[in-house]
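Comments concern the structure below.
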Amino acid sequence: MDTPPIVYQRQLTMSNTTILPWVANRILAFFNAAGSVAEILDGTIQDDPTDGAGRTLGPTLAARILRERSQLPRLRFTEFSQLDAIAGIGEGALRDLVFSFGTPAAEAFQQSMYHNRVIYRENWPLEYFRTTIAEQQEFNDLVSDEAHFRRWVADRVSTLATERALAAPQREDMVAQLHTNYIDTYHNSTQAAALALALWFYEFDADNWFSWARILQETDAYLNHHQGGFPWYMELRFFRGFRNRGIIPPGITPPDLPVMVNWPEQSITLWFST
15 MDTPPIVYQR QLTMSNTTIL PWVANRILAF FNAAGSVAEI LDGTIQDDPT
65 DGAGRTLGPT LAARILRERS QLPRLRFTEF SQLDAIAGIG EGALRDLVFS
115 FGTPAAEAFQ QSMYHNRVIY RENWPLEYFR TTIAEQQEFN DLVSDEAHFR
165 RWVADRVSTL ATERALAAPQ REDMVAQLHT NYIDTYHNST QAAALALALW
215 FYEFDADNWF SWARILQETD AYLNHHQGGF PWYMELRFFR GFRNRGIIPP
265 GITPPDLPVM VNWPEQSITL WFST
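In our numbering, the protein residues as written are 15 to 288.
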């Protein structure tokens, strides 16, 4: 499987706030894309409720951020320390930024699907199982080797089946499928991955509920969760023909197991729905 180049990333600590690299990259991407104070204050940045009531970035600080950015050699932030050095970006502001941009892609997608009433929590379970791999070389080796990746997914499903007390025949059937299912791969350098994931949802119950535009909007946002940062690469791998045997309650479930490979977060996410 083709993979993007490895980019070494370190956890950051700025103004006494620990920031994961992918969160820092999302923050910088937001400020690099902003063309005005109004765009910075569009509601994306929320106050972190865990540090007490208060307000988040205001117009004065937003204008200062744009002014400081305009004086940088490339007219954009390339290091998080450049943002951290701006007067007014202290611990409180950083906590708000981490709160606003620190939601993993899978969690944000699930929340948005329910919050925007694209699907309904009470009658449409949508579950994900996300695993992060701390060592970047280990992650890259895993997702670059199809045989290794296939075994890893099969082992993960076997573990989930055991945790959910499924009978051995059901568990073994799913594992056997994963060792032979064709892996159909789409990546987010085009809209192909978002279209493929939207089509998977379409196959659940197209006649009764489906709005193609709404679901495509959500899947596109999922695949572009890290847009503007680096690395930004995400890859959707469908195990075609896979049949769920009870990871979540049975229902109308089209075949195929969507697995999202997320390079910025160094995570692998399995999706189940019914």
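Where a beta carbon is used, it is the ideal one built from N, C-alpha and C, also for glycine.
Would you tell me roughly how many angstroms separate the C-alpha atoms of Tyr22 and Ile100, rounded to the nearest one?
Looking up residue 22 in the sequence shown gives position 8. Looking up residue 100 in the sequence shown gives position 86. Since pLDDT at Tyr22 reaches only 36, below the 50 mark, its modelled position is unreliable, and the value read off the structure follows with that caveat. Taking the straight line joining both Cα atoms gives about 25 Å.
For Pro63, which option in Arg109, Tyr236, Gln124 has the closest C-alpha, if you only look at C-alpha atoms?
By 1-based counting over the sequence shown, the position of residue 63 is 49. For the residues Arg109, Tyr236, Gln124, the minimum Cα distance to Pro63 belongs to Arg109.
Cα-Cα separation, Leu213 to Leu80:
Stepping through the sequence shown from its first residue, residue 213 is reached at position 199. Stepping through the sequence shown from its first residue, residue 80 is reached at position 66. About 40 Å.
Thr204 - DSSP class collapsed to helix/strand/coil:
The residue given as residue 204 occupies position 190 in the sequence shown. Looking at Thr204 - three-state DSSP - the assignment turns out to be coil, as it is neither helix nor strand.
Helix or strand or just coil, what does DSSP make of Asp61?
In the sequence shown, counting from the first residue as 1, residue 61 sits at position 47. Note: Asp61 maps to coil in three-state DSSP.
Provide the residue(s) that pair with Ser281 in DSSP beta bridges, ordered along the chain.
Working through the sequence shown from its first residue, we reach residue 281 at position 267. Per DSSP, Thr146, Asn276.
Just to check my reading of the structure: Thr58 and Phe45 have Cβ atoms closer than 8 Å, yes? What is that Cβ distance to the nearest angstrom?
As a first step, residue 58 must be located in the sequence shown, where it is residue number 44. As a first step, residue 45 must be located in the sequence shown, where it is residue number 31. With 8 Å as the limit, Thr58 and Phe45 do not qualify as a contact, their Cβ atoms being about 11 Å apart.
For the beta strand (DSSP E) holding Phe253, just list the boundary residues, first then last.
Residue mapping note: residue 253 aligns to position 239 of the sequence shown, counting from 1. Here the beta strand (DSSP E) through Phe253 covers 248-254.
Please classify Met15 as buried or exposed, where buried requires at least 16 other C-beta atoms within 10 Å of its C-beta.
If you number the sequence shown from 1, residue 15 lands on position 1. A caution first: Met15 carries a pLDDT of 47, below 50, which makes its placement in the model too unreliable to give a value.
Report, in whole angstroms, the separation of the C-beta atoms of His240 and Asn39, which I expect to be a contact under 8 Å.
Against the sequence shown, residue 240 aligns to sequence position 226. Against the sequence shown, residue 39 aligns to sequence position 25. Right, their Cβ atoms sit about 7 Å apart.
Find out if the Cβ-Cβ distance for the pair Arg251, Pro269 is shorter than 9 Å.
Counting from one through the sequence shown, the residue named residue 251 turns up at place 237. Counting from one through the sequence shown, the residue named residue 269 turns up at place 255. No, Cβ-Cβ distance for Arg251 and Pro269 is not below 9 Å.
Three-state secondary structure (DSSP) at Leu42?
Numbered from its first residue, the sequence shown carries residue 42 at position 28. Correct three-state label for Leu42: helix.
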